[in-house]
Structures are given as C-alpha cells and as structure tokens.
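Please read the structure below before turning to the comments.
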Amino acid sequence: MDYGYARILVDRILSLCKSKEISINKLSEMSGVSQSTLDNLVNGKTFNPRIRTLHRIALAFSMTVAEFLDFQTLNDYSFEDLSDD
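In my numbering, the protein residues as written are 275 to 359.
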C-alpha cells in the first residue's frame, strides 16, 4: 500500500477545507460522506478511498473529480516502483 499517495489526498482535503473555512464535520454534511469515513481517511486509518467517496468530496467543494485530483503535488507524484496492490 502506498501511504504517500493517501497522505497527498488528505493534505488536499485539509487544504481545501482550510481555504473554504469548513471543518471536517461540515465537509461530512456537505458531501454525504460519513464522519467516520472522513476521520479514518484524515487519521491515516484508510489509505485507499473509493472513487465514489472522492467524487462526493469533490462535489462538496464544487469541483469535478478531475479538478479535485489536478494539483501540482499529485501531478508530480511518482507511481514508479509501486506494486499493483
């Protein structure tokens, strides 16, 4: 499992929350993603969120999934040397 990729996604979520001045609790309400799912993701207990979860989070930020995933840190991330787990 690649924990770096998961951390990049968490940092993206937290950054967007900060810029929009919303809490994880509010994001849960806005996205329809359960508080426990978001907490598990943010606290590193979940490393591979489903596309449905990312879609709901993106919509809560008024973004498409493509927009949500299109940022420099992720674009620069190297998936080389990773197994297909």
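Cβ atoms here follow ideal geometry from the backbone N, Cα and C, with glycine treated the same way.
So for residue 296, helix, strand or coil by DSSP? Residue state, collapsed to three classes: coil.
Would you kindly work out how many angstroms separate the C-alpha atoms of residue 343 and residue 288, rounded to a whole number? Across the structure, residue 343 and residue 288 are spaced so that their CA atoms are roughly 14 Å apart.
Burial state of residue 335 (16 or more Cβ within 10 Å): It is buried - the Cβ of residue 335 has at least 16 other Cβ atoms within 10 Å.
Rounded to whole angstroms, what is the Cα-Cα separation between residue 278 and residue 313? Between residue 278 and residue 313, the C-alpha separation is close to 17 Å.
Look at the Cβ atom of residue 282, then the Cβ atom of residue 328, and state whether they are nearer than 8 Å. Not closer than 8 Å, so no.
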